[in-house]
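My numbering puts the first residue of the sequence shown at 1, with every later residue one more than the last.
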Amino acid sequence: MPDPTLASKASKGPLRPQTGEDVPLLQNFIGGRWVPSTATQWLDVHNPAKGTVIARTPLSTGRDLDAAVTAARQAFAGWSETPPVIRARTMFKFKAQLETHFEELARIVTTEHGKTLDEARGSVRRGIECVEVACGGPSMLMGYGLENIATSIDCTVMRQPIGVCAAIAPFNFPAMVPLWFLPFAVVCGNTFIVKPSEQVPLSQRRMFELLEQCDLPPGVINLVNGGREVVEAICDHPGIKAVSFVGSTPVARLVYQRASHAGKRVQSLGGAKNFVIVMPDADLDRGIPIITESFYGCAGERCLAGSVLLTVGSAHQPARDMLIDAARALKVGDGLEPGVTMGPVISAPHRDKVRGYVDRGVSDGATLALDGRDLEVDDRPDGYFIGPSVFDRVAPEMVIGREEIFGPVASVCPVGSLDEAIRVMERHPNANATSIFTSSGKAAREFSHKATASMVGVNIGVAAPMAYFPFGGARDSFFGDLKVHGRDAFDFYTDKKVTITRWF
Ligand code: NAD
């Protein structure tokens, strides 16, 4: 599998971890036990606000993954026959654990990822909502049927679990993204393997410690830390029936192709370039704070983040000026500190990559109206900080208008009409989320109808579907058929068995 060049915070550490250091060495959770990885390589995990090493994570091997699949296969026989109501009860217990440890989990997210504590709390809450929806599994798993499809012949549809399933997660939502999958898969009667991002493995470690308290039989849930080798082993392993991936578009495409070639059910969510449209009739006093949060929340490291602001006609100057003022007012710092509204980005290489995009925007001729490149945070000199930047007069074909920056950079692009804004969006291969700010129902309706992206906000900055709705984009932002959570999850994690019956 080719290796797309992707910035990684998990710098290569010693081949074998040093002993006697005050840094936790992470283990895998396989078959109901914490077990050491057979890795020969370990990566340092950093606190991005301080630049300090907070853990070492193993780059687990195909052998580790195989051990997890074996445990999950063994557990499947019993778990798939466990009544759905009892399976759901484990998720009620998990929900209680998550509530009890809510604040602790949010702090872990902030410490390993960098986002502010409020943002981390929001993401943990969103994850818990997935567990809540999965608790309704017995109702969602019901089948249907019809008498007399022919004389004295009846037909029923029953949902059955499909086997061992796996999820591969990105760095930007360390607690939440695995919860898009695990609760649904488990309540449907499948057994499960999580491969967290090697840049942020600590939230999942805690999550699995909490899952240990939930009466799940050994092997139902498994955690394998690592990177590319584990991902490739997941795609290829004949014992895994379904794969969920979330990450950048190049890897999402590869995972989709490789895992579906191996005969698996796959849903693969990729990267984004999200357009936010501001109409001349938009309520800017209420809209700009929402737009600012969309572009700079989580330091721009969100697949639903606004990236290009398409200002229609006379909206351009006021929207741009208000966005610059609001971005300048953000307080950048350690996300654990009160009053901080924007944390660091994930890693030094990623900060440098974002800076490189700002340099590129300048050299391509866009107007840098707010320059965040050299921002420093006094009491955190080693953190991976970059301030908010705003470009004006960006042409959609410029690199900063096309590529996913995944950092706190807004590109303002004036357009003449709503039609032109829609055409700009249509030309882009990604189609994850988009938003319009307007007071015209007609414009909103037309926009929502024509938008290429699958998640559309009307006067909403981050159009994130809740756990009971489907989540996922289109085009190069999503490879597969069934989306994440909501009813789609129950379809993804079950097979519909049709039985046609005649009694003599
Ligand atoms: P990434 O693609 O670098 O990594 C995602 C996962 O793939 C990680 O677990 C990583 O270990 C693994 N991986 C990385 N390179 C690989 C390779 N060459 N072969 C096999 N596996 C590989 O993504 P990231 O940087 O962790 O996350 C950011 C990206 O995720 C952004 O593009 C963002 O838009 C996207 N994302 C999308 C959604 C969505 O819902 N569409 C949600 C969150 C994040």
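Using N, Cα and C, we set each Cβ at its ideal position, and we do this for glycine too.
Closest Cα partner of residue i within the set the options
i                 : options                           : result
asparagine 222    : Val45, Leu182, Gly297 and Glu404  : Leu182
leucine 330       : Pro344, Phe447 and Val255         : Pro344
glutamate 301     : His261, Glu229, Ala327 and Ala272 : Ala272
lysine 93         : Glu212, Val354 and Ala242         : Glu212
tyrosine 131      : Thr494, Lys496, Val498 and Gly486 : The identity of residue 131 in the sequence shown is valine, whereas the question assumes tyrosine. The shortest Cα separation from valine 131 among Thr494, Lys496, Val498 and Gly486 belongs to Gly486.
alanine 366       : Pro414, Lys353 and Lys496         : Pro414
serine 440        : Ile277, Thr501, Asp154 and Arg328 : Ile277
phenylalanine 471 : Thr57, Trp180, Gly78 and Ile422   : Trp180
cysteine 235      : Val220, Ala252, Ala71 and Ser248  : Ala252
valine 177        : Phe102, Ala467 and Ser347         : Ala467
asparagine 28     : Asp491, Leu202 and Gly247         : Leu202
valine 224        : Ala77, Cys135, Glu81 and Arg33    : Arg33
threonine 452     : Ser80, Leu368 and Asn274          : Asn274
glycine 145       : Gly136, Pro138, Ser139 and Thr156 : Thr156
methionine 322    : Pro289, Leu216, Pro58 and Thr249  : Pro289
proline 465       : Arg373, Ser248, Ser123 and Phe102 : Ser123
isoleucine 168    : Pro318, Asp154 and Gln199         : Gln199
threonine 82      : Gly383, Met158, Glu293 and Pro217 : Pro217
Inter-residue spacing [alpha-carbon to alpha-carbon] between residue i and residue j
i              : j                 : result
threonine 52   : histidine 46      : 5 Å
arginine 475   : proline 196       : 25 Å
alanine 185    : proline 280       : 46 Å
glycine 13     : proline 84        : Summary for glycine 13: the model assigns pLDDT 44, below 50, so the residue's position carries little reliability, and this model does not support an answer.
alanine 7      : phenylalanine 437 : The pLDDT assigned to alanine 7 is 36, lower than 50, so where the model puts this residue is not dependable; a value taken from the coordinates is nonetheless given after this. So the alpha carbons of these two residues sit roughly 33 Å apart.
alanine 433    : lysine 115        : 21 Å
alanine 431    : glycine 480       : 14 Å
alanine 233    : aspartate 371     : 43 Å
arginine 16    : glycine 473       : Low confidence applies here, because arginine 16 scores a pLDDT of 49, under 50, leaving its location unreliable and the question unanswered by this model.
cysteine 188   : valine 377        : 47 Å
arginine 349   : proline 408       : Note on residue identity: the sequence assigns proline, not arginine, to residue 349. Cα-Cα distance, rounded: 15 Å.
valine 109     : valine 133        : 22 Å
valine 424     : leucine 98        : 42 Å
cysteine 303   : valine 462        : 9 Å
glycine 313    : aspartate 283     : 15 Å
glycine 219    : alanine 68        : 8 Å
valine 456     : isoleucine 149    : 41 Å
alanine 175    : glutamate 104     : 12 Å
methionine 142 : isoleucine 162    : 16 Å
arginine 228   : arginine 125      : 29 Å
threonine 311  : threonine 499     : 56 Å
threonine 90   : arginine 351      : 41 Å
Bridge partners - residue i, DSSP secondary structure assignment
i                 : result
aspartate 392     : Thr367
phenylalanine 437 : Val278
aspartate 154     : Thr501
tyrosine 144      : Val157
methionine 342    : Val332
glycine 480       : Gln267
serine 244        : Ala167 and Gln267
alanine 431       : Ala474
leucine 105       : Leucine 105 is not bridged to any residue.
arginine 355      : Paired residue(s): none; arginine 355 is not in a bridge.
Close Cβ partners of residue i (< 8 Å) along its chain, the five nearest in sequence each way excluded
i              : result
tryptophan 503 : Ser152
arginine 107   : Leu117, Ala120 and Leu336
alanine 166    : Phe192, Ile193, Val194, Lys195, Ile234, Ile240, Ala242, Val243 and Ser244
Coil, strand or helix - residue i by DSSP
i                 : result
leucine 117       : helix
phenylalanine 171 : coil
phenylalanine 406 : coil
serine 307        : strand
lysine 496        : strand
valine 53         : strand
tryptophan 180    : coil
valine 377        : coil
glycine 300       : helix
threonine 249     : helix
glycine 372       : coil
glycine 312       : Note that residue 312 corresponds to valine in the displayed sequence, not to glycine. If DSSP states are grouped into helix, strand and coil, valine 312 belongs with the strands.
glycine 287       : helix
isoleucine 221    : strand
lysine 195        : strand
leucine 254       : helix
Beta-carbon contacts of residue i that lie in its chain and below 6 Å, excluding the five residues immediately before and after
i              : result
glycine 361    : Phe391 and Ile400
threonine 341  : Leu330 and Lys331
proline 2      : Interpretation of proline 2 is limited by its pLDDT of 33, a score under 50 that renders its predicted location unreliable; no figure is taken from the coordinates.
isoleucine 422 : Lys450
aspartate 477  : Looking at the sequence itself, residue 477 is serine, so the reference to aspartate does not match. The answer, listed in chain order, is Gly270, Ala272, Asn430, Ala431 and Asn432.
Heavy atom of the ligand GDP within 6 Å of residue i beta-carbon
i           : result
leucine 179 : You won't find the ligand GDP in this model; what it holds is the ligand NAD.
Close-in-space but distant-in-sequence residues of the same chain around residue i (CB under 7 Å, 5 per side omitted)
i           : result
glycine 416 : Gly313
valine 354  : Val345, Ile386, Ile405, Gly407 and Val409
alanine 489 : Phe184
Proximity test, Cβ basis, 7 Å: residue i and chain C
i           : result
glycine 247 : Going by chain labels, chain C is absent from the structure shown, which holds only one protein chain.
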